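Protein chains in written order, with this note's numbering: chain Z, 626 to 882; chain H, 452 to 836.
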């Protein structure tokens, strides 16, 4: 339990403490949920439909208020802050199902990502940076984004999220709408985010694949943390495999695809 | 890839350069400015060609529509927020100008500017409330604004003259009618240049990029930290300010204001129709639409008199646009040019050719034997490296 003055640990980028949240007057979706994301770490949320995975991201990015509990970003209490403020403080949210602006070029998409950055030179520096991380962005700079393949659009989307130089990126179902081959490529791109020094809080239906490249796994059920631990350990747990990872046995079976 | 060769043969170099040139004309830095100069120069010949004062006055009306529709497009086209009540700000601009000339006794054109500034500020208040809702709700709110203003201006006789109208003193009292039309034709032409340049500046700015992002997906734009509410309001304010200038100059030209015409919902939706018909994604779309619809309205009036026939025709035209040319006649024309071009390429094939050229270049640079098995995605090649 963290003290009332928040996490002192410099390495913690994002932290949710005992968060309760829900929509309208309906019952709570999150019933005392806590999670911690450290610098350069990929944390993966898995769990059945309706467990509250996307709600966690909405709370973290300020799209949804909390009923109780605290949200910390880079050591500051940001509970109730607006999405724009959080963006300036280093949190970038890649929404579910929403992709690139299809009618606009790759360039325009990436530049829109840097809309909150006022200094022109900084923007150009970051453009060079995201081009180096995601080669497709450089190659298809002038192309209308809607003409790119799903996997390429994802890269443009990630590049756009990186334009604010976030400390943490929230990814909601990044594999949605991608075929297995593109999904593999996408996961590789997520690893690139980590290599770029960015922490990632990831929600994925494709739980087993997502855990394979994550550092920490966090199984959510009924709005609470069911179990949390190093991703490799969760993958190896046969009981979890049965319950949440598609019913296949863990342990030796997990390695085989 | 089985379709590799098809794509290769489909893209002939001469055709693709023609398309590329066409595209650069639309997106170049100076291209549109040159376009504005050319268009204004061509339109400036109308008073020389017009056979009689009636034709000249019809030209003034069409230009007035063009200014109005282009100003509308700054909001409706760039943000996708379709206002059917823009005439509210046109009417306020014309009444504001008339009242300022009558009661303040200031120069007529100073009065236009003053009225437009006040209307611009009013529009910020109205927009602040109206822009909280999207889609159909926004459309209904804008219509409601016009109906409220119509009632107010009809009832408030002591100030507006009510239904008997308000006579606006002419800026050039000694001028004969044909000369009057000629002068105002050129004033409206100057105004059209101003509005076109304003649209171009906004379109090319960071503001324009953000507005187009809002048009595509407002929530997504917001998630990127774009202050959508503020920028929509800015676009609305600029659009209403320019609309009010058009209204003010109209008041000076026509000289007689009646609420039933100054706050006419039907005309208001016809303005939106002009922009949609011409093509809201194009700088000159609203102008083209104004010329088509404006001429058609004058034609019906001339041949069928004061019937409701032109309303039926307008309705049919609106249906036809929505069904057959949702992106406007300019988009239709552009598609036609592409189809008639020797290469018959679609945009997708073009970009596939671009990619291939890049891939060939890279393969050549690398000097590896990878050229034979070209995959369709540079992303995967890149991540293989």
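Beta carbons: idealized from backbone N, C-alpha and C, even for Gly. Computed from a predicted structure; not experimentally measured.
How far does the alpha helix (DSSP H) with residue i in it reach, from first residue to last?
i: residue 576(H); result: 559 to 581
i: residue 813(Z); result: 805 to 820
i: residue 591(H); result: 586 to 606
i: residue 732(Z); result: 731 to 738
i: residue 750(Z); result: 745 to 758
i: residue 485(H); result: 482 to 494
i: residue 781(Z); result: 775 to 787
i: residue 511(H); result: 504 to 530
i: residue 544(H); result: 538 to 550
i: residue 497(H); result: 497 to 500
Would residue i and residue j qualify as a contact pair, given that the criterion is a beta-carbon distance under 9 angstroms?
i: residue 622(H); j: residue 714(H); result: no
i: residue 717(Z); j: residue 828(Z); result: no
i: residue 567(H); j: residue 725(H); result: no
i: residue 604(H); j: residue 704(H); result: no
i: residue 563(H); j: residue 544(H); result: yes
i: residue 656(Z); j: residue 734(Z); result: no
i: residue 696(Z); j: residue 743(Z); result: no
i: residue 645(H); j: residue 662(H); result: no
i: residue 693(Z); j: residue 645(Z); result: yes
i: residue 793(Z); j: residue 826(Z); result: yes
i: residue 565(H); j: residue 611(H); result: no
i: residue 618(H); j: residue 708(H); result: yes
i: residue 752(Z); j: residue 739(Z); result: yes
i: residue 780(H); j: residue 728(H); result: yes
Is the shortest distance between the beta-carbon of residue i and the beta-carbons of chain Z less than 9 angstroms?
i: residue 796(H); result: Confidence at residue 796(H) is low in this model, with a pLDDT of 46, below 50, so its placement is unreliable and the value that follows should be read with caution. Cβ-Cβ to chain Z under 9 angstroms: no for residue 796(H).
i: residue 673(H); result: yes
i: residue 473(H); result: Reliability of the predicted coordinates at residue 473(H) is poor, the pLDDT of 47 falling under 50, and the value obtained from them is presented with this limitation in mind. Residue 473(H) does not count as touching chain Z.
i: residue 655(H); result: no
i: residue 477(H); result: Note on residue 477(H): pLDDT 48, under 50, position unreliable in the model; no value is reported.
i: residue 594(H); result: no
i: residue 782(H); result: no
i: residue 670(H); result: yes
i: residue 605(H); result: no
i: residue 667(H); result: yes
i: residue 663(H); result: yes
i: residue 676(H); result: yes
i: residue 660(H); result: yes
Nearest chain H C-beta to residue i closer than 9 angstroms, yes or no?
i: residue 682(Z); result: no
i: residue 726(Z); result: yes
i: residue 639(Z); result: no
i: residue 820(Z); result: no
i: residue 741(Z); result: yes
i: residue 787(Z); result: no
i: residue 708(Z); result: yes
i: residue 738(Z); result: yes
i: residue 826(Z); result: no
i: residue 838(Z); result: no
i: residue 799(Z); result: no
i: residue 757(Z); result: no
i: residue 880(Z); result: Its pLDDT being 40, under 50, residue 880(Z) is placed unreliably in this model, and the value from its coordinates should be taken loosely. No - not a single Cβ of chain H is within 9 angstroms of the one on residue 880(Z).
i: residue 751(Z); result: no
i: residue 833(Z); result: no
i: residue 679(Z); result: no
i: residue 796(Z); result: no
Taking the beta strand (DSSP E) that residue i falls in, what are its first and last residues?
i: residue 841(Z); result: 841 to 846
i: residue 663(Z); result: 653 to 663
i: residue 855(Z); result: 849 to 855
i: residue 645(Z); result: 637 to 647
i: residue 793(Z); result: 793 to 797
i: residue 824(Z); result: 824 to 828
Can you check which of these residues, the options, is closest to residue i by C-alpha distance?
i: residue 586(H); options: 602(H), 665(H), 608(H) and 556(H); result: 665(H)
i: residue 439(H); options: 548(H), 584(H), 640(H) and 780(H); result: Chain H is shown only over 452 to 836; residue 439(H) falls outside these bounds and no answer can be derived.
i: residue 870(Z); options: 841(Z), 749(Z), 688(Z) and 672(Z); result: 672(Z)
i: residue 673(H); options: 712(Z), 636(Z), 651(Z) and 684(Z); result: 712(Z)
i: residue 799(Z); options: 791(Z), 831(Z) and 843(Z); result: 831(Z)
i: residue 676(H); options: 853(Z), 648(Z) and 688(Z); result: 688(Z)
i: residue 772(Z); options: 787(Z), 755(Z) and 724(Z); result: 724(Z)
i: residue 679(H); options: 651(Z), 768(Z) and 709(Z); result: 709(Z)
i: residue 638(Z); options: 648(Z), 651(Z), 653(Z) and 664(Z); result: 664(Z)
i: residue 669(H); options: 683(Z), 703(Z), 720(Z) and 863(Z); result: 720(Z)
i: residue 653(Z); options: 808(Z), 690(Z), 838(Z) and 670(Z); result: 690(Z)
>> I'd like the ranges of any beta strand (DSSP E) spanning at least 3 consecutive residues and lying wholly in the stretch 671 to 720 of chain Z.
In response: Within the stretch 671 to 720 of chain Z, the complete beta strand (DSSP E) runs of at least 3 residues are 693 to 698 and 716 to 719.
>> At 4 residues or longer, what runs of the alpha helix (DSSP H) sit wholly inside the stretch 649 to 705 of chain H?
In response: The stretch 649 to 705 of chain H contains these whole alpha helix (DSSP H) runs: 657 to 667, 669 to 674 and 679 to 705.
> What alpha helix (DSSP H) runs, 4 residues minimum, are completely inside the stretch 723 to 770 of chain H?
Replying inline: With a minimum length of 4 residues, the continuous alpha helix (DSSP H) runs that stay inside the stretch 723 to 770 of chain H are 736 to 755.
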